[in-house]
Amino acid sequence: MRIMENFLDKSNLSERIYYYLRNQIVQNQMPPGTRINYEQLASDLNVSRMPLREAVNQLSQDGLIEVKPRSGTFVNTPKRQDIEDLYDLRRALEELSVELAIPEIPLSIIEKLEDETSYSEEQLNKRIVEPFFDADRNLHRTLIDYSNNIRLQQIWKSIETQVQWVGVIITTNLDRPFAANDMHKEILRAIKKRETDTAKQLMRDHINQIKAFTISDHGQ
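In terms of this note's numbering, the sequence shown opens at residue 153 and continues consecutively.
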């Protein structure tokens with residue numbers, strides 16, 4: 153069945169295929185290890201193979217897809233070194249974002265983030281994880297935005313897709329988002345009090361915790 157008739161519009165076709173597939177991967181609709189069936193995807197999306205291959209090549213550059221010579225093309229499976237590299241970089245970026253954002257972020261924004269975190273907890277208690285994903289992305293992105301550091305924001309943008317992807321993967325164990333949400337509450341409490349050193353340490357602990365979870369669950 154063709155799932156996206158609007159792919160018939162050829163303008164920016166490979167880009168739109170790229171965003172569609174990226175969303176499927178990041179939302180874990182195409183889990184790690186999924187084989188990319190070009191013929192089936194081309195039929196489902198009603199597109200030719202050329203723009204599909206262009207989109208897959210871009211996803212490969214993003215680290216979401218792995219091309220294995222003589223074996224095929226697969227959704228990437230996180231490897232231990234990749235996870236360590238990603239989270240070491242993320243920890244440095246997010247500690248700095250906390251330090252820079254604390255003098256700038258308004259109380260109203262902090263309280264909005266607190267409300268989202270509380271709602272996430274309510275939904276997690278019902279085994280509904282989507283609000284947690286939204287609150288998690290918004291919290292970290294908001295701190296990056298309020299850093300007012302363009303270079304930091306650019307580097308974050310370059311890894312954000314992988315961060316989101318790995319974040320979805322680890323929620324196969326519901327204990328993981330519960331633990332992360334608890335850390336979010338502590339981080340926001342320190343930010344609200346403008347306790348920079350405490351907030352930075354909590355963010356460092358938070359990223360280290362996620363790194364350990366991810367390596368334990370998926371690091372090869």
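Backbone N, C-alpha and C fix where the C-beta goes; we use that ideal spot for every residue, glycine too. Predicted model only: the values in this text are computed from it and were never measured.
In the DSSP assignment, find the beta strand (DSSP E) that holds residue i and state where it starts and stops.
{"i": "THR225", "result": "224 to 227"}
{"i": "ILE217", "result": "217 to 220"}
Cβ of residue i within 8 Å of Cβ of residue j?
{"i": "ALA287", "j": "GLU312", "result": "no"}
{"i": "VAL320", "j": "GLN210", "result": "no"}
{"i": "HIS99", "j": "LEU291", "result": "Absent from the structure is residue 99, since the part of the chain shown begins at 153 and ends at 372."}
{"i": "LEU193", "j": "LEU265", "result": "no"}
{"i": "GLY224", "j": "ARG187", "result": "yes"}
{"i": "ARG356", "j": "ARG243", "result": "yes"}
{"i": "LEU204", "j": "TYR190", "result": "yes"}
{"i": "ALA332", "j": "ILE362", "result": "yes"}
Output the boundary residues of the alpha helix (DSSP H) element that contains residue i.
{"i": "ILE339", "result": "327 to 344"}
{"i": "GLU312", "result": "302 to 321"}
{"i": "VAL208", "result": "201 to 213"}
{"i": "SER249", "result": "232 to 253"}
Would a check of beta-carbon distances place residue i closer than 8 Å to chain D?
{"i": "SER166", "result": "Absent from the structure is chain D; it holds one protein chain and no more."}
Using CA coordinates, which residue listed in the options is at the minimum distance from residue i?
{"i": "SER166", "options": "GLU206, ILE257, LEU265 and SER223", "result": "GLU206"}
{"i": "SER249", "options": "LEU354, VAL199 and VAL281", "result": "LEU354"}
{"i": "ALA364", "options": "LEU326, TYR239, ASN333 and LEU259", "result": "TYR239"}
{"i": "GLN316", "options": "LEU245, ASN175 and ARG346", "result": "ASN175"}
By Cβ distance below 6 Å, which residues in the same chain neighbour residue i in space, the five residues on each side in sequence not counted?
{"i": "LEU216", "result": "ILE177 and ASN228"}
{"i": "ALA253", "result": "LEU295, TYR298 and SER299"}
{"i": "LYS344", "result": "ILE262"}
By Cβ distance below 7 Å, which residues in the same chain neighbour residue i in space, the five residues on each side in sequence not counted?
{"i": "GLU256", "result": "TYR298 and ASN300"}
Let's test the definition: count the other Cβ atoms within 10 Å of the Cβ of residue i and tell me whether it reaches 16, buried, or not, exposed.
{"i": "ALA351", "result": "buried"}
{"i": "ARG154", "result": "For ARG154, the predicted model reports a pLDDT of 47, less than 50, meaning its position is unreliable; a value from the coordinates is still stated below. Exposed is the call here."}
{"i": "LEU259", "result": "exposed"}
{"i": "ILE135", "result": "No answer is possible for residue 135: it lies beyond the span of the chain, which begins at 153 and ends at 372."}
Within the present structure, is the beta-carbon of residue i separated from the nearest heavy atom of the ligand HEM by less than 7 Å?
{"i": "SER195", "result": "Looking at this structure, you won't find the ligand HEM or any other ligand, since it has none at all."}
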